[in-house]
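Asker:
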Amino acid sequence: MRQVLFSIGGFPLRSYGVVVVLAIIIGFGVAYHLASSEKEYRQHLLDLVVYAVIGSIIGARLWQVFFYEWGYYSLHLAEIFMIWLGGMAIQGALVGAFIVGWIYTRKYQFDFWKMADIAAPGIILGQAIGRIACFLNGDAFGRPTNLGFGLVYPQGTPAYAAYGSQPLWPAEVWEGQWDMIVFALIIILSRWRKWPKGILFLTYIVLYSLGRFGLEFMRGDGARYLFNWTSAQWSSIGMIVIALVSAAVLTSRSIMEK
Numbered sequence: 019m020r021q022v023l024f025s026i027g028g029f030p031l032r033s034y035g036v037v038v039v040l041a042i043i044i045g046f047g048v049a050y051h052l053a054s055s056e057k058e059y060r061q062h063l064l065d066l067v068v069y070a071v072i073g074s075i076i077g078a079r080l081w082q083v084f085f086y087e088w089g090y091y092s093l094h095l096a097e098i099f100m101i102w103l104g105g106m107a108i109q110g111a112l113v114g115a116f117i118v119g120w121i122y123t124r125k126y127q128f129d130f131w132k133m134a135d136i137a138a139p140g141i142i143l144g145q146a147i148g149r150i151a152c153f154l155n156g157d158a159f160g161r162p163t164n165l166g167f168g169l170v171y172p173q174g175t176p177a178y179a180a181y182g183s184q185p186l187w188p189a190e191v192w193e194g195q196w197d198m199i200v201f202a203l204i205i206i207l208s209r210w211r212k213w214p215k216g217i218l219f220l221t222y223i224v225l226y227s228l229g230r231f232g233l234e235f236m237r238g239d240g241a242r243y244l245f246n247w248t249s250a251q252w253s254s255i256g257m258i259v260i261a262l263v264s265a266a267v268l269t270s271r272s273i274m275e276k
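Residues 19 to 276 (our numbering) make up the sequence shown, in order.
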């Protein structure tokens with residue numbers, strides 16, 4: 019667990035940033051490979067990834083500020099734009115990338131849902147790798163196990179600041195493992211049969227959100243609200259409902275077109 023890999027001229031190279039960059043590159047590589055038979059979509063991928071990354075950063079920060087920690091940021095407005103201090107919500111990143119992707123595909127007049135299906139395996143694999151960044155940074159941590167074993171984070175990490183040397187549940191590690199399972203399932207489904215456009219992407223959203231909802235019970239870094247659920251759990255439920263409704267609409271539309 020190492021937040022700073024090394025420094026160059028007093029500038030720290032943080033493990034979080036390095037791993038996130040690797041996650042983006044590897045995720046893009048998977049999407050590019052899977053689009054080998056879709057040349058029209060493949061040629062747009064690089065440009066789309068650049069815009070989607072920008073959208074995801076904005077979305078992740080806004081989601082963190084307004085849905086997860088508004089109580090804090092409402093009193094520290096100047097820190098809203100200080101993303102280098104931490105605070106990025108993956109669910110907000112997905113929403114930001116989704117919006118940017120929709121705008122991009124509308125501008126260049128090609129099918130959004132088909133592009134989403136192509137991108138889905140790369141996105142979830144990138145999320146899995148990204149959780150390694152959270153582990154190295156000591157954030158997205160679990161609550162105390164109270165069992166004498168678990169992850170013990172070093173001083174200087176958000177987890178240590180919250181709980182000290184108490185053993186914690188490895189929530190971020192488990193989420194990364196769940197993301198890998200979802201990645202494998204999406205690959206299998208994509209090879210199994212020809213689904214209506216958008217179904218693979220929406221299946222990924224549902225599976226990821228189900229895992230995130232369950233793992234939030236192990237998290238120790240978020241406030242809890244109605245039903246003792248965190249903001250991430252409420253976000254997960256919202257994403258599941260929207261994805262299921264969208265899947266029903268796309269499926270019925272596909273049936274009517276046949």
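Don't be surprised by glycine CBs; every beta carbon is placed ideally from N, CA and C.
For PRO185, which option in PHE167, GLY229, ASP135 and GLN195 has the closest C-alpha, if you only look at C-alpha atoms?
Answerer: Comparing Cα-Cα distances from PRO185 to each of PHE167, GLY229, ASP135 and GLN195, the minimum goes to PHE167.
Asker: For PRO172, tell me which candidate among PHE29, ASN155 and ARG32 has the shortest Cα-Cα distance.
Answerer: Measuring from the Cα of PRO172, the nearest candidate turns out to be ASN155.
Asker: With three or more C-beta pairs closer than 8 angstroms as the rule, is the region 156-164 touching the region 132-139?
Answerer: Contact fails: fewer than three Cβ-Cβ distances are below 8 angstroms.
Asker: Could you please give me the residues that DSSP links to THR248 through a beta bridge?
Answerer: According to DSSP, which records beta bridges pairwise, THR248 is partnered with ARG242.
Asker: If we count the other Cβ atoms within 10 Å of its Cβ and call it buried at 16 or more, is GLY47 buried or exposed?
Answerer: Classification for GLY47: exposed.
Asker: Using beta-carbon positions only, say whether ASP135 and LEU218 come within less than 7 angstroms of one another.
Answerer: Yes, these two residues count as a Cβ contact at 7 angstroms.
Asker: Would you say the region 144-153 touches the region 67-87, given that touching needs at least three Cβ pairs under 8 angstroms?
Answerer: They do not touch, by the three-pair rule.
Asker: State the beta-bridge partners of ARG237 as determined by DSSP.
Answerer: ARG237 is bridged to GLY160.
Asker: Enumerate in chain order the residues of its own chain whose CB-to-CB distance from LEU225 is below 7 angstroms, with the five nearest sequence positions on each side excluded.
Answerer: For LEU225, where only same-chain residues beyond five positions count, the Cβ hits under 7 angstroms are VAL200 and LEU203.
Asker: I think GLY105 touches GLY77, with their Cβ atoms under 8 angstroms apart; what is that distance to the nearest whole Å?
Answerer: GLY105 to GLY77, Cβ: 13 angstroms. No contact.
Asker: Looking at the secondary structure, which residues open and close the beta strand (DSSP E) in which VAL170 lies?
Answerer: Counting along the chain, VAL170 falls outside any beta strand (DSSP E), and DSSP gives it neither H nor E.
Asker: Only counting the same chain, and skipping five residues up and downstream in sequence, which positions put a Cβ closer than 6 angstroms to that of THR278?
Answerer: Look at the range of the chain in this structure, 19 to 276, and you will see that residue 278 is not part of it.
Asker: Alpha helix (DSSP H) containing ARG209: first to last residue?
Answerer: Where ARG209 is concerned, the enclosing alpha helix (DSSP H) stretches over 189-210.
Asker: How far does the alpha helix (DSSP H) with SER25 in it reach, from first residue to last?
Answerer: Element bounds for SER25: not the alpha helix (DSSP H) but the beta strand (DSSP E), 22-26.
Asker: Does the distance between the C-beta of ALA138 and the nearest non-hydrogen atom of the ligand PLP fall short of 6 angstroms?
Answerer: For the structure depicted, the ligand PLP is absent and the ligand set is empty, with no information on it obtainable.
Asker: On the criterion of 16 or more Cβ atoms from any shown chain inside 10 Å, does ALA241 qualify as buried, or is it exposed?
Answerer: It counts as exposed.
Asker: Check for me: the alpha helix (DSSP H) holding PRO139 runs from which residue to which?
Answerer: Looking at the DSSP string, the run of the alpha helix (DSSP H) that includes PRO139 is 130-155.
Asker: Should the region 92-100 be regarded as contacting the region 54-74, the criterion being three or more beta carbon pairs within less than 8 angstroms?
Answerer: Short answer: they don't touch.
Asker: Give me the residue from CYS152, MET133 and MET257 with the minimum Cα distance to ASP239.
Answerer: When each option's Cα is compared against that of ASP239, the closest is CYS152.
Asker: Between MET133 and TYR50, how many whole angstroms is the CB-CB distance? I'm expecting something under 8 angstroms.
Answerer: Incorrect: roughly 12 angstroms between the Cβ atoms, too far for contact.
Asker: Can you look up LEU262 in the DSSP assignment and give me helix, strand or coil?
Answerer: Three-state DSSP puts LEU262 in a helix.
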